[in-house]
Structures are given as C-alpha cells and as structure tokens.
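Q: Residue numbers (this note's numbering): 0 to 322. Idealized CB from N, CA, C, for every residue including glycine.
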Amino acid sequence: MTAPLLQAEALSVEFPVRGGLFRREVARLRAVDGVSLEVRAGEVLGVVGESGCGKTTLGRAMVGLYPPTSGRLLVEGRDVATLGVAARRLLTRDVQMVFQDPFASLNPRKRIRQILEVPFEVHGLAVGAEREARIRELVELVGLAPEHLDRWPHELSGGQRQRIGIARALALQPKVMVLDEPLSALDMSIQSQVLNLLVDLQQRLGLSYVFISHDLSIVEYLCDTVAVMYLGRVVETAPAAALFAAPRHPYTQALLAAVPDPVPRRERIARPLEGDVPSPLQAPSGCSFHPRCPLAQPRCRESVPELRVVDTAGLQRAACHLL
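Structure follows, in structure tokens:
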C-alpha cells in the first residue's frame, strides 16, 4: 500500500500563556493533543467538533503554519521537520489551505491579480505571459471571469472572495487542500454553489481534502472518513456512512443528536450536550469528556482512554472505556 499523502503521528501543538509585568510564560495551552490521522489520494477526511476543540489549530499545523510541539507531520512519507528549507518549501506545495473568512484572508491593499501572483512569486514559478495565462486559468477554474482580476477584494461578494481563496490554494497544484470551514461565512444559497465547486474540483483534479466543519450534514455528504475531536484529542474515527449510522462514542452521539431532525418524533440515540467545552488550560483528568458524559464512571476520571477498534470490520475506532 502506498504511503498516505498527508499523515499526522501523535501530533501535539502547544502555545505559551504569558502573564505578569515581564510577560513570562506561566502556563502551556495544549490545543492539539496527540492526534494521529492520515489522508490518502482522492480521499476527503472530515474533522468535526465543537468550537474550541482544536480542529482549526490541527488544520493550520497540517499546512505548516503552526510548528508541532511533539509528534510528526509527514507528506508522502517524508517527515517535514527533518527537511531543509528548500526541500520543505518544495514539499509544502503539495498541501495548501483555504481559510474560513474569505475577506480576512485576502490582502485588501492588493487587486485580485496581485493576490494570485503571490504563490508564483514566492516559489519562483511561471513569469510573464505564462504567469498571466495561469492566473486567468485559475479564475476560470473556480467559476469567475477574467475581469474579476482587476477588482479589489471589497468589490467582490463573499462567495466570489471564497472562490479567489480556492484559486490561490490551487495555484501551486497541490495534492491535498485543508479547508477550514470554507462555507460557514457564506449565505446558504452561496454555500451550495461553493460546495458543488469543491466536489467538481476534486473530481477533475484528483484532489484530497481535509474538510474542517461544524456542519454535520455537509460532512456526511462530502466526506469519506470522519474524525471527531474533543478538547484537542480525536475521540472517534470511522467511515462517514458508519459514523452517521451508528456512532459509538457518547460525544459523537450527542453531536448528532444536536442536529435538527426532519422527523421530530423519531427517537434520538442521545440527548444534546449541556454546558461548554472545558478550557484547555484546565483540562479534566482522565477522559476529558467525563464532566459532560451521562455515562461517566469512576475510571473515566482516572485514566485516559486509548483510541481503539470498536467494530468487527476494524474500521471504526473510539476512545471510550465503556466500549
């Protein structure tokens, strides 16, 4: 079997918390805690969880914006941390990101043409007429017209700006795109258009996606595999069909129970959760979900459950002492 295109092995990301007069480090915030995931050619991996669970930090670590505190990030089997600057730059062309807010991610002082030129300038690719042709091809690929190239970001609609963000990510012809809630800032009618564009691009270009989202209906439609995160850790992974048909972890069950049901009288697997995700600075002992779990037992407070196989097919894994 060929190596995954993108692989995280026990990946952790921490940030210093500073305080006092001299801004000394007083604590460490662990936003991602020992996550292991992989993305194979042509696959769409969904990452879901409540706000504050660490999914955006994980996505940014996957594209190199946040350096791992521990663990490894591999692109096509090569550990990014062991490479020199030049080799790392070549390798990171294969993994690009589309950000959640299409307005904040585009430089308001540059026209669209200048924004799309940046990837080519940074990597020394395509100059003159060839670069112009590539840029025109990019905007047409995402469903825009060449005249949009001379506009400023504020002159575009939200959907058009997100298409430019997608075009910029495609400029270096990546193999994997990390999509950080690319639809959440858009109107519902525009969401469907951009979603259809992402599906079309994946099929035409053979892309793999890491799709970070809180919209479970879109995740069920788009993704092949789903990873559920809670307080920086992955608590369940499974093929999308299996996870939505029979979620095993109590947290996953509660997430699905929170989705509005078109059949109101249908019995739910679990009740929606109450309360908020605890602060990573004061993470609970043992299983981090136990303060909100209706099934918690004493051992849940004492030891951290391992992510292990919980189905006969060997495809569904969950981190729960009760499974």
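Could you check whether F98 and D179 sit closer than 7 Å to each other, using their CB atoms as the reference points?
A: Your numbering for residue 179 matches position 180 in the sequence shown. Your numbering for residue 98 matches position 99 in the sequence shown. Closer than 7 Å, so yes.
Q: Take R87 as the anchor and find which of H122, L204, L36 has the nearest alpha-carbon.
A: The sequence position of residue 87 within the sequence shown is 88, counting from 1. Of H122, L204, L36, the residue nearest in Cα terms is H122.
Q: Verify whether the separation of the beta carbon atoms of A60 and V94 is less than 7 Å.
A: Counting from one through the sequence shown, the residue named residue 60 turns up at place 61. Counting from one through the sequence shown, the residue named residue 94 turns up at place 95. Contact flag unset, no.
Q: Return helix, strand or coil for V84, following the three-state DSSP convention.
A: The sequence position of residue 84 within the sequence shown is 85, counting from 1. Residue state, collapsed to three classes: helix.
Q: Confirm, please, whether the CB-CB distance from A40 to L4 is below 7 Å.
A: Sequence index remark: in the sequence shown, residue 4 carries index 5 (1-based). Sequence index remark: in the sequence shown, residue 40 carries index 41 (1-based). Closer than 7 Å, so yes.
Q: Ignore the nearest five residues each way along the sequence and tell me which others in G70's own chain have a CB closer than 6 Å to its CB.
A: If you number the sequence shown from 1, residue 70 lands on position 71. Here the set comprises E8, A9, L10, S11.
Q: Tell me the rounded alpha-carbon separation between P66 and Q296.
A: The residue given as residue 66 occupies position 67 in the sequence shown. The residue given as residue 296 occupies position 297 in the sequence shown. Approximately 36 Å between the Cα atoms of the pair.
Q: Taking the alpha-carbon positions, what's the V193 to R160 distance?
A: Here residue 193 refers to the residue found at position 194 of the sequence shown. Here residue 160 refers to the residue found at position 161 of the sequence shown. So the two alpha carbons sit approximately 11 Å from each other.
Q: Would you mind stating whether V177 and V38 have Cβ atoms separated by less than 7 Å?
A: The count along the sequence shown starts at 1 and reaches residue 177 at position 178. The count along the sequence shown starts at 1 and reaches residue 38 at position 39. Contact: no.
Q: For P145, does the three-state DSSP call read helix, strand or coil?
A: Locating residue 145 in the sequence shown gives position 146, where the first residue counts as 1. Residue state, collapsed to three classes: helix.
Q: Would you list the residues sitting across from M228 in a DSSP beta bridge?
A: As a working mapping, residue 228 is identified with position 229 in the sequence shown. Partner(s): V233.
Q: Any chance you could list the beta strand (DSSP E) runs of at least 3 consecutive residues sitting entirely within the segment 149 to 209, in chain order?
A: Taking only runs of at least 3 residues, the beta strand (DSSP E) segments lying wholly in the segment 149 to 209 are 175 to 179.
Q: Would you list the residues sitting across from A26 in a DSSP beta bridge?
A: Along the sequence shown, one-based indexing puts residue 26 at 27. BP columns for A26 point to V16.
Q: Considering only C-alpha positions, which residue in the set V233, V74, A245 is nearest to R307?
A: Position 308 of the sequence shown, counted from the start, is the residue given in the question as residue 307. When each option's Cα is compared against that of R307, the closest is V233.
Q: Answer yes or no: do R300 and S278 have a C-beta to C-beta separation smaller than 7 Å?
A: The count along the sequence shown starts at 1 and reaches residue 300 at position 301. The count along the sequence shown starts at 1 and reaches residue 278 at position 279. Going by C-beta atoms, R300 is not nearer than 7 Å to S278.
Q: State the start and end residues of the unbroken beta strand (DSSP E) segment that holds G45.
A: Translated into positions along the sequence shown, residue 45 becomes position 46. G45 -> beta strand (DSSP E) spans 43 to 47.
Q: CB-CB under 7 Å to G333, same chain, minus the five flanking residues each way: which ones, in chain order?
A: Nothing about residue 333 can be reported from this structure: the residues present for the chain run from 0 to 322 only.
Q: To the nearest whole angstrom, what separates the beta carbons of A237 and V225, a pair I think is in contact under 8 Å?
A: Along the sequence shown, one-based indexing puts residue 237 at 238. Along the sequence shown, one-based indexing puts residue 225 at 226. Confirmed, about 6 Å.
Q: Report the residue from P118, E24, L72, C319 whose alpha carbon sits nearest the alpha carbon of G164.
A: Along the sequence shown, one-based indexing puts residue 164 at 165. That would be P118, whose Cα lies nearest to the Cα of G164.
Q: Where does Q99 fall in DSSP's three states?
A: Taking the sequence shown and counting its residues from 1, the one referred to as residue 99 is at position 100. The answer is coil: DSSP assigns Q99 none of H, G, I, E or B.
Q: Using a threshold of 7 Å, state whether the C-beta atoms of T56 and A30 are closer than that.
A: If you number the sequence shown from 1, residue 56 lands on position 57. If you number the sequence shown from 1, residue 30 lands on position 31. The answer is yes: Cβ separation under 7 Å.
Q: Assign Q315 to buried or exposed, taking buried as 16 or more other Cβ atoms, counted over all protein chains shown, within 10 Å of its Cβ.
A: Taking the sequence shown and counting its residues from 1, the one referred to as residue 315 is at position 316. The residue in question, Q315, is buried, as its Cβ has 16 or more Cβ neighbours within 10 Å.
Q: For M96, which residues from the same chain have a beta carbon less than 6 Å from its beta carbon, with the 5 sequence-adjacent residues on both sides left out?
A: By 1-based counting over the sequence shown, the position of residue 96 is 97. Within the same chain, M96 has close Cβ partners V62, V177.
Q: Is DSSP giving A7 helix, strand or coil here?
A: In the sequence shown, residue 7 corresponds to position 8, counting from 1. Strand, per DSSP.
Q: I'd like the span of the beta strand (DSSP E) that includes H70, first residue to last.
A: Counting from one through the sequence shown, the residue named residue 70 turns up at place 71. In the sequence under discussion, the amino acid at residue 70 is Gly, which differs from the His named in the question. Its beta strand (DSSP E) spans residues 69 to 74.
Q: When the Cα of A312 is compared with those of R291, A241, A253, P290, which residue comes out closest?
A: Here residue 312 corresponds to residue number 313 of the sequence shown, with the count starting at 1. Out of R291, A241, A253, P290, A241 has the C-alpha closest to the C-alpha of A312.
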